[in-house]
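Take 37 as the starting number for the sequence shown in our numbering and just add one per residue.
Each remark here refers to the structure printed beneath this line.
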Amino acid sequence: MVTSRRRYLIKRVAKLYGIVGKVAGRYIAAGYSVEFNHPTRYSPIHIIARGNGQMLAVEVVYERGKLTVETARSILEKAKLIGARPVLVVHGLGWNDVPEELRRFCEESGVKLRVVGELELG
37 MVTSRRRYLI KRVAKLYGIV GKVAGRYIAA GYSVEFNHPT RYSPIHIIAR GNGQMLAVEV
97 VYERGKLTVE TARSILEKAK LIGARPVLVV HGLGWNDVPE ELRRFCEESG VKLRVVGELE
157 LG
């Protein structure tokens, strides 16, 4: 169950940040506090989710061209910098659209791979 305060935050974040905000809304609903575009020396991390005794570094990919092993490597390096668990969220594409080599790399290196269907904005 989500409180009205969290529901308000989910709607506000989705409006401000678009697809990345909708993914962050799922973490807010699960009880995490989120931070957007956390700077690292490589590039910003889309979402930092803290709560339940853990910290997650979440990178959202919603274009087929950016769905590569290099993307998974970059989130792994960024997460190591801040001491978080890396999560790669694939938005709007099916599980079959994820390349086999990317799945294998994520499984071997410890990057959590999440496939999220289309989320309506609004």
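By construction, the Cβ of each residue, glycine as well, lies at the ideal position given by its N, Cα and C atoms.
In this text the structure is predicted, and so the values were computed from the model without any measurement.
Here's the rule I'm using: 16 or more other beta-carbon atoms within 10 Å means buried, otherwise exposed. How should residue i be labelled?
i      : result
Val56  : buried
Lys116 : exposed
Lys114 : buried
Gly67  : exposed
Pro75  : exposed
Leu92  : buried
Ile169 : Residue 169 cannot be examined here, being either before or after the span of the chain that is shown, 37 to 158.
Ala78  : Reading off the sequence, residue 78 comes out as Tyr, not Ala. Flag for Tyr78 reads exposed.
Ala122 : For the sequence presented, residue 122 should be read as Pro rather than Ala. Buried, since its Cβ has 16 or more Cβ neighbours within 10 Å.
Gly54  : exposed
Glu95  : buried
Gly158 : Reliability of the predicted coordinates at Gly158 is poor, the pLDDT of 49 falling under 50, and no value is obtained from them.
Could you pull the start and end residues of the beta strand (DSSP E) that residue i belongs to?
i      : result
Ala85  : 81–87
Glu121 : Note that residue 121 corresponds to Arg in the displayed sequence, not to Glu. Looking at the DSSP string, the run of the beta strand (DSSP E) that includes Arg121 is 121–127.
Val134 : Looking at the DSSP string, Val134 is not in any beta strand (DSSP E), and its letter there is neither H nor E.
Gly147 : Checking the sequence, you will find Val at residue 147 rather than Gly. Neither: Val147 is in no beta strand (DSSP E) and is coded neither H nor E.
With residue i as the anchor, note down where its alpha helix (DSSP H) starts and where it stops.
i     : result
Val56 : 55–65
Arg77 : It is not in any alpha helix (DSSP H) - Arg77 carries neither H nor E in the DSSP assignment.
Taking the CB atoms as reference points, tell me whether residue i and residue j lie closer together than 8 Å.
i      : j      : result
Arg100 : Asp133 : yes
Ile83  : Ala65  : no
Ala85  : Val70  : yes
Val152 : Val59  : yes
Leu129 : Ile111 : no
Arg139 : Leu149 : yes
Glu137 : Val105 : yes
In terms of DSSP beta bridges, what is residue i paired with?
i      : result
Phe72  : Ile83
Val151 : Val126
Within the region 86–117, note down every full beta strand (DSSP E) run reaching 3 residues or more, in order along the chain.
Within the region 86–117, the complete beta strand (DSSP E) runs of at least 3 residues are 90–97.
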